[in-house]
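Student:
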Amino acid sequence: MAKLNGLFGLGNAVFWGLLGLLVLVSLIQFFDREFNNQLIKERFSRMDSLERGLIVLVDLDTIKEDTIKKPKKEKEKKKEKIMDAELHIWNWIDPYRFGLATLEFRLKKTDYEKSVSNRNKLLFEDVEQVYRALLENDRSSLDNMIEAYKQVSVAKNLDYLQTLEFVVGSIQTIPYTFVTMGNIVRCPCRLSFGKFYDDCSVRPDGRGCCNDIEPFAVFSPTEFADTKKGDCDTRTLFAYTILSGMNFDVTILNSVAAGHSILGVYSPKPLGNGVYVLGKNGKKYYTWELTAVMPPGIYPYNVSLYTWYSVLK
Amino acid sequence: MMQLHIILIDESLLQKTDPTKKDQELLVFSILGLMIIIISILGSLSTFIYCLLIFKNIIIASSAAVFLFLVLFNLSRLMLITSINAYHTKLGVFHFDHELAYESYHGHDNTIVKDLKFQEIVNDKKDRLRKHAETKGRYLPSFVQRITFLLKLGFFAFLAIFFANGIELLLFSGQLNESFEMIREIYVNQPDSWLIKNALSPDEKGFWILNSNSILLSINVLSMGLGWWKTAVDIVFVLIFTIPLLLTYRSRRIFDSYYVRELALHEITISHYHHLMTEDACKHIERELLGMQLDALTESDHQTA
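Order-wise, the sequence lines are chains A and B. Counting from 1, one number per residue, gives the positions in the first sequence under our numbering. Counting from 1001, one number per residue, gives the positions in the second sequence under our numbering.
#1: Using CA atoms only, rank isn't needed, just tell me which of A:V168, A:V127, A:N36 is closest to A:W92.
#2: Out of curiosity, what's the CA-to-CA distance linking A:L318 and A:T177?
#3: Under 7 Å Cβ-Cβ, which residues of chain B neighbour A:F15?
#4: Quick one: which chain B residues come within Cβ less than 8 Å of A:I40?
#5: Do the region 303 to 310 of chain A and the region 1233 to 1246 of chain B touch if we need at least three Cβ pairs shorter than 8 Å?
#6: For B:E1181, does the count of other Cβ atoms within 10 angstroms reach 16, so buried, or fall short, so exposed?
#7: Alpha carbons only, please: which of A:I174, A:P175, A:R106, A:N211 is nearest the one belonging to A:P188?
#8: Would you mind reading off the limits of the beta strand (DSSP E) that contains A:K195?
#9: Given that a residue counts as buried once 16 or more other Cβ atoms are within 10 Å of its Cβ, and exposed if not, what is B:V1233?
#10: Would you mind reading off the limits of the alpha helix (DSSP H) that contains A:E104?
#11: Should B:Q1175 go down as buried or exposed, given a rule of 16 or more other Cβ atoms within 10 Å for buried?
#12: Could you tell me which chain A residues have their CB closer than 8 Å to the CB of B:S1251, listed as they occur along the chain?
#13: Can you say whether B:E1299 is buried or exposed, counting buried as having 16 or more other CB atoms within 10 angstroms of its CB?
#14: With distances taken Cα to Cα, identify the nearest neighbour of A:A217 among A:D231, A:T227, A:D226, A:P204.
#15: Is A:D94 close to chain B, meaning its C-beta is less than 8 Å from at least one C-beta of that chain?
#16: Identify which residue in A:Y240, A:V179, A:D199, A:T222 has its Cα closest to the Cα of A:I213.
#17: Would you report the Cα separation of A:T236 and B:L1195, rounded to the nearest angstrom?
#18: Between A:V56 and chain B, is the shortest Cβ-Cβ distance under 8 Å, so that the two count as touching?
#19: Is it buried or exposed for B:F1067, if we count other Cβ within 10 angstroms and need 16 for buried?
#20: At a CB-CB cut-off below 9 Å, which residues of chain B make contact with A:F248?
#21: Have a look at B:L1170 and B:A1160 and give me their C-alpha separation to the nearest angstrom.
#22: By Cβ distance below 7 Å, which residues in the same chain neighbour A:I146 in space, the five residues on each side in sequence not counted?
#23: Assuming A:P221 and A:L107 are in contact, meaning their beta carbons sit under 8 Å apart, how far apart are those beta carbons, in whole angstroms?
#24: Quick one: measure Cβ to Cβ for B:I1183 and A:F44, integer angstroms, because I've assumed they're closer than 8 Å.
#25: On the premise that B:I1219 lies in contact with B:I1049, defined as a C-beta separation below 8 Å, what is that separation, rounded to the nearest angstrom?
#26: Is the beta carbon of A:K284 closer than 8 Å to that of A:Y276?
#27: Could you please give the first and the last residue of the uninterrupted alpha helix (DSSP H) stretch that includes B:W1208?
#28: From B:T1000 to B:D1097, what does the alpha carbon distance come to, in whole angstroms?
#29: Taking B:L1013 as the reference, give the member of B:K1131, B:K1117, B:Y1258 with the closest Cα.
#30: To which residues of the same chain is B:A1061 closer than 6 Å at the C-beta, ignoring the five residues directly before and after it?
#31: Compute the Euclidean distance between the alpha carbons of A:Y112 and A:K228, then round it to the nearest angstrom.
#32: With DSSP run on the structure shown, which of helix, strand or coil describes A:S117?
#33: Looking at chain B, is there any beta carbon in it that lies within less than 8 Å of the beta carbon of A:E321?
#34: Do you know offhand how far A:T163's Cα is from A:L39's?
#35: On the three-state DSSP scale, how would you describe A:S261?
#36: Could you please give the first and the last residue of the uninterrupted beta strand (DSSP E) stretch that includes A:K284?
Put into structure tokens, the structure is as follows:
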């Protein structure tokens, strides 16, 4: 047989060698080990044009249960300089960028009790007055929590919008608890947005419900910080308390037609085609749903934008 | 080794070549032919996969694969053959302009003798050109040849990447299906998602090979999964598709082969032979026309008289 050398011999060897290599790696399933399923998992979790960061892949087993640590002994209490304050640790999966997130803050039991008593004393009047009364009473008791949010923001070097996302994400990820008052609607019940049990606790399925919360079926911000129970208006009031405490320009947007309350956030930069409502001060406040994980500027409601009005701004 | 003489080689052209050289050249061109067959098979297989994913019909896919095999085989042959020429030998000038090699026949023999004379003339010229046909030295392709080669190379590289994706979809179908299953799990709470509705839900024909309706999604997932390995596999395919062309362009065994010279001589000989035939036919017509003119003149003289 004629011997092949030179460039043709080399090209011939490379051609058949590569073909053989291709067949070989297919046969020995070399790429089974190299196929990066994790990357696909991550990319597809982040991929949804509107629902930015809706899904973050974290092994559910790694999320710690929220904890409340009872006050320590007198000596330790003095050391911490916070009398009768319980340490609350919120753990959640941040839907926007961080994955597992933690917030540690202290809340005094007396402040909680004071807040409940303050809410019970309020009369069924103008909604703005009720919100203001709850806010003014509770702001100081949430100072530690506000400070904790600030510290995370500084530690993680978050910008304006990122900080907003972090705070809002911590609220959005809390399972929904329906709150009722009077006898018009009482749990257990089946409503257009789901059925609810007579179970005033934070159920993972979001079907918990607290009856007889007066006035306006709204928990105070301190109550929410302590128990995590709350529906739309409790959440918006809590978010407003925290974010305004952090000097963010936010408002509460209520709609009687929608029977709903959402957060309005001012952004120094336009949020793309995000939907906004003009506040009483003429500023644009982008809509932000707090009962579900949803980025700002999304408007999934069936009522006109003009039915929303700004409270506390 | 079994030699494939069927594809590119007209063995009769190598009659006057040294037997050892002849064997070597037959082997070289047979290998080249085999490479083209392999490329066509790869292209055909890839077409089969693509068509199966798009049409979900094995008859359409098989027909398209056979059709593409024939197209690719002939296209590759065309590309390779048009890259082979004798421009780098002293024969090149005659190959470029055959008329420079033509010689005329001035005899007036009958048709059979004339044919033999023509063959004698062209064979004599062929032998003289063969002696003249040694290599000029280092082969430097012209600018146009270089550009043409680069275009051909680019075209083959494009084909390679296109067909590589099809074959990779088949090779990694197992991993891809696992990934699709995982994506479905990620979107389990969003059944109305575009991705689930349009790409990952089977239509009435069901799934074939891959559990997805979207080739683009499959290629996207494949790229993500393989990462740089995908580029490596693509490069392997590009090399496989372009090596025959590169060899035709740069290997002395091909461009400086006796076979190429003989092919050029054969082309010159054929055109030379037909030139002689045409020349003779022209002369014959001229003579006939002259005869007709003389007849007409004679007839007119008679009428005048």
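Don't be surprised by glycine CBs; every beta carbon is placed ideally from N, CA and C.
Tutor: Taking the geometry as given:
#1: The residue with the shortest Cα to Cα distance from A:W92 is A:V168.
#2: A query on residue 318 of chain A cannot be resolved here, the shown segment of chain A reaching from 1 to 313 and no further.
#3: Neighbours of A:F15 on chain B, chain order: M1035, I1240, I1243.
#4: The contact set of A:I40 on chain B, defined by CB atoms closer than 8 Å, consists of S1179, M1182, I1183, V1221, M1224, G1225 in chain order.
#5: No: fewer than three Cβ pairs fall under 8 Å.
#6: B:E1181 comes out exposed.
#7: Residue A:N211 holds the alpha-carbon nearest to the alpha-carbon of A:P188 among A:I174, A:P175, A:R106, A:N211.
#8: Unbroken beta strand (DSSP E) run through A:K195: 194 to 196.
#9: It counts as buried.
#10: That residue, A:E104, is in no alpha helix (DSSP H); its beta strand (DSSP E) goes 99 to 108.
#11: So B:Q1175 counts as buried.
#12: Listed by position along chain A, the residues whose Cβ is nearer than 8 Å to that of B:S1251 are G6, L7, F8, G11.
#13: In this structure B:E1299 is exposed. Its beta-carbon is surrounded by fewer than 16 other beta-carbon atoms within 10 angstroms.
#14: Residue nearest to A:A217 within the set A:D231, A:T227, A:D226, A:P204 is A:D231 (criterion: CA-CA distance).
#15: No - not a single Cβ of chain B is within 8 Å of the one on A:D94.
#16: For the residues A:Y240, A:V179, A:D199, A:T222, the minimum Cα distance to A:I213 belongs to A:V179.
#17: Cα-Cα distance, rounded: 33 Å.
#18: In this predicted model, A:V56 has a pLDDT of only 38, less than 50, meaning its place in the structure is not dependable enough to derive any value.
#19: The residue in question, B:F1067, is exposed, as its Cβ has fewer than 16 Cβ neighbours within 10 Å.
#20: Scanning chain B for C-beta atoms nearer than 9 Å to the C-beta of A:F248 yields nothing, as the closest lies near 30 Å away.
#21: In this structure, the straight-line span from the alpha carbon of B:L1170 to that of B:A1160 is close to 15 Å.
#22: Hits under 7 Å: I242, G245, M246.
#23: Contact doesn't hold; Cβ gap of about 11 Å is too wide.
#24: Contact annotation, B:I1183 with A:F44: C-beta distance approximately 5 Å; criterion of less than 8 Å satisfied.
#25: 12 Å between Cβ atoms; not a contact.
#26: Contact flag set, yes.
#27: It is not in any alpha helix (DSSP H) - B:W1208 carries neither H nor E in the DSSP assignment.
#28: What the structure shows of chain B is the stretch from 1001 to 1305, and residue 1000 of chain B is not part of that stretch, so it cannot be assessed.
#29: It is B:Y1258.
#30: Take B:A1061, set aside five residues on each side of it, and the residues of its chain with a beta-carbon closer than 6 Å to its own are F1048, C1051, L1052, in chain order.
#31: Rounded to whole angstroms, A:Y112 to A:K228 spans 13 Å at the Cα level.
#32: Helix, per DSSP.
#33: A question about residue 321 of chain A goes unanswered here, because the residues of chain A that appear run from 1 up to 313.
#34: The C-alpha of A:L39 is placed about 27 Å away from the C-alpha of A:T163.
#35: Three-state result, A:S261: strand.
#36: A:K284 -> beta strand (DSSP E) spans 284 to 288.
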